[in-house]
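Numbering (our numbering), first residue to last: 101 to 701. For reference, the structure is listed below as C-alpha cells.
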C-alpha cells in the first residue's frame, strides 16, 4: 500500500487487535496468579502449622484425640494381629505426618475405610419357612420350581448353621423377576440386600479395588457394598454376570472366581485394603440372560436356576394382582380408581408388548396412569376411569406388534418354524423359491454361520432322498437355483434349530407338494436325516400357541421339556415327537390318503 493514510489506518487496526489480545492474556495470568497464590498460601500455612507442632512436640488436640480414638477402636476389634499391625503403622504415620499433610490425608482415608468395614457386624438371620414362602408368593406370581428350590435351601440352612451358601444364578429373559426375587430372598431371611451391576465391567479393579500406589485409589465394589449395608452377611446380587468383558487391565472373570468360590472367598483380599476380609458369610446371587457367554469355570461354581418367560395368562394375572395396584399406589390413586378389564389387558399384552417378562407391560400401565393423572388434574370431579379397548390408541398410541398367525391355506415351499431369543419365543416362516439356473444356492435374511451350515445340511439331505420323489428333477442341483429366505431381514438369526424346517420347505418346493398350514416345527437335522434336540422349547411353544398354531413337530428327545409347559396351553396343543425326517415329512406334507412317505437309508 503506497497511500500513507491507509497504511497508518491498517497499522492502527493491528495495534488495537494486539492490545485486545494482550489485555485478555493479562486477565488470564492475573486469574491464574490469584488461584496459585491462594493454593500456595493454604499449603504454606499448613506446612507452617505442622512445623510449629513438630517444634513444640504437639500435633494439636484434635489430631491427638483422633489418633487416640483410632487406637481405642482398634483394640476392641477381634481380628488378626497382622491386620492390627498394619493399621497401627498407618495410625503412627498419621500421628507423625499430621492430619493436614497430603500423606496424612491418605492415611486417614485408609484408616476410615478400615473402621467402616463391618468386621463384627452381622444381621441376625430369621429363617421362618412359612413366612419365607408367604413373602415369595405375595411378591411373585408362578415360579413354583424356583420358590421350592429357595425354600429347600433355607430349610437345610436352618438345620445346619455351618452350611456354605451356594452361589445361585438365575438365568432368564429380561423382566421375568430375577432381581426382584433376589430382593425377596433377602427380605424373607432378614438380611441386608445390595446389588452390583457387572454389565460392561472390564477392569479387574472394579471388583478387587485399586492399589494404593495410584492417586485417588479406592476399594472395589464388593468392599464398598459391605460398607454401605454395614453388615458382613448381606445378600449381594451380581446383576448381568453374562455381560462382563475384559481387556488389558486384567480379567474380571478371574476376580469373580475368587469371590464366588467358597474355598477362597473367606480370605478375599482387596487391592486397596491389602489385607484379608472374610466373605464366606455373604450370600451371593447372580443373574444372567443367557449361559452362553458365562465362562465355564464360573458356571461350575454356580447353581443354575432357569426362569422361563410368562404365558399370556400369567402376564394377565401379574398385571391384575401386582402391576396395576403398584402403579395406582405410585401415582397416588385410590384402589380401583382405574379399571382395566381382562380383555383390554390381553390387548395390551398382545399388541403393545413383545417380551418374555413384564417390564414393558408395567411401563404401558404406568403410561396409562400418567394420562389418567392429567385428566384428573384437569377435571377433579372424576371419581374413576374405565379404560376401554377402543381408547387404547389414545393412551398408548398405535398398536406396535402383530403376531404372525397361522397360514390360511396349505402352500408350497413355505413352512413355519419356531425361534427362541433372549427376549422370548417367536414363529418365523421359511420361504423357498426354485428357479431355472445353474445350481446356485442363495441364503438371505441376515443368517448366522450356524444357520447357513444348517441350510447346507438340509439341502444335502434332500438331495440324498430326491430319488424317492418322482416330481423332483433328477439333476435339479445343476439346473435349478434355490433361494432360501427367512423374513424380517433386519433381525439377525442363527442356530441349528431350523434344520428340519428348511429341509421340509426345500423338499416341498422341489417336489411341488404342499405343506400343512396348521403346523410348526423345530429341530436340528443331520446329513442322514436324524432329528436332534434343541433348546428354548417352552418359549417356542408359547409363541406358537400365541400365533394360533396348535400342531407342533418336536425332536423326540425334547419330550421331557413338555413338562415345563403350563397345563392349559399343553391341553390345547398336539405334539409329534420326531426321531427322523421320515416322521416329520409324514406329518407335515399333504399326501394321498393312507400313503405313507418313506425315505431310503
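From the three backbone atoms N, C-alpha and C, an ideal C-beta is built for every residue, glycine too. Values in this document were obtained by computation on a predicted structure and should not be read as measured data.
To the nearest angstrom, how far is it from the Cα of residue i to the Cα of residue j?
i           : j           : result
residue 203 : residue 192 : 12 Å
residue 615 : residue 516 : 9 Å
residue 643 : residue 668 : 14 Å
residue 494 : residue 460 : 18 Å
residue 360 : residue 396 : 13 Å
residue 473 : residue 309 : 46 Å
residue 374 : residue 328 : 20 Å
residue 441 : residue 357 : 49 Å
residue 362 : residue 424 : 41 Å
residue 111 : residue 131 : 30 Å
residue 444 : residue 486 : 10 Å
residue 661 : residue 638 : 7 Å
residue 481 : residue 417 : 31 Å
residue 45  : residue 352 : What the structure shows of the chain is the stretch from 101 to 701, and residue 45 is not part of that stretch, so it cannot be assessed.
residue 701 : residue 665 : Reliability of the predicted coordinates at residue 701 is poor, the pLDDT of 42 falling under 50, and no value is obtained from them.
residue 565 : residue 598 : 19 Å
residue 560 : residue 627 : 7 Å
residue 678 : residue 498 : 41 Å
residue 294 : residue 221 : 16 Å
residue 570 : residue 619 : 25 Å
residue 323 : residue 370 : 8 Å
residue 684 : residue 247 : 38 Å
residue 126 : residue 109 : 26 Å
residue 447 : residue 528 : 22 Å
residue 303 : residue 296 : 14 Å
residue 266 : residue 276 : 22 Å
residue 129 : residue 399 : 60 Å
residue 633 : residue 316 : 54 Å
residue 449 : residue 543 : 34 Å
residue 115 : residue 121 : 10 Å
residue 586 : residue 427 : 40 Å
residue 379 : residue 224 : 16 Å
For residue i, which beta-bridge partners are listed by DSSP?
i           : result
residue 269 : 386 and 404
residue 584 : 532 and 543
residue 518 : 527
residue 172 : Answer is none; residue 172 lacks a bridge partner.
residue 368 : 377
residue 486 : 439
residue 511 : 615
residue 631 : 625
residue 680 : 630
Reducing DSSP to helix, strand and coil, say where residue i ends up.
i           : result
residue 159 : The pLDDT assigned to residue 159 is 49, lower than 50, so where the model puts this residue is not dependable, and the model offers no usable value.
residue 675 : strand
residue 652 : strand
residue 227 : coil
residue 493 : helix
residue 249 : helix
residue 432 : coil
residue 466 : helix
residue 126 : helix
residue 292 : coil
residue 376 : strand
residue 444 : helix
residue 591 : coil
residue 336 : strand
residue 624 : strand
residue 85  : Residue numbering for the chain in the displayed model covers 101 to 701; residue 85 lies beyond these limits and cannot be assessed.
residue 502 : coil
Hey, residue i and residue j are a contact pair by Cβ (cut 8 Å); roughly how many whole angstroms apart?
i           : j           : result
residue 636 : residue 600 : At roughly 15 Å, the Cβ-Cβ gap does not stay under 8 Å, so residue 636 and residue 600 are not in contact.
residue 640 : residue 519 : 7 Å
residue 439 : residue 408 : At roughly 31 Å, the Cβ-Cβ gap does not stay under 8 Å, so residue 439 and residue 408 are not in contact.
residue 229 : residue 254 : 6 Å
residue 580 : residue 536 : 7 Å
residue 174 : residue 188 : 7 Å
residue 235 : residue 287 : 6 Å
Do residue i and residue j have their C-beta atoms closer together than 8 Å?
i           : j           : result
residue 268 : residue 405 : yes
residue 227 : residue 385 : no
residue 342 : residue 390 : yes
residue 645 : residue 672 : yes
residue 270 : residue 421 : no
residue 291 : residue 334 : yes
residue 593 : residue 525 : no
residue 649 : residue 602 : no
residue 617 : residue 511 : yes
residue 613 : residue 582 : no
residue 595 : residue 551 : yes
Regarding residue i and the ligand NAD, is the C-beta to nearest heavy atom distance less than 7 Å?
i           : result
residue 191 : As presented, the structure is devoid of all ligands, the ligand NAD included, so that no description of it is given.
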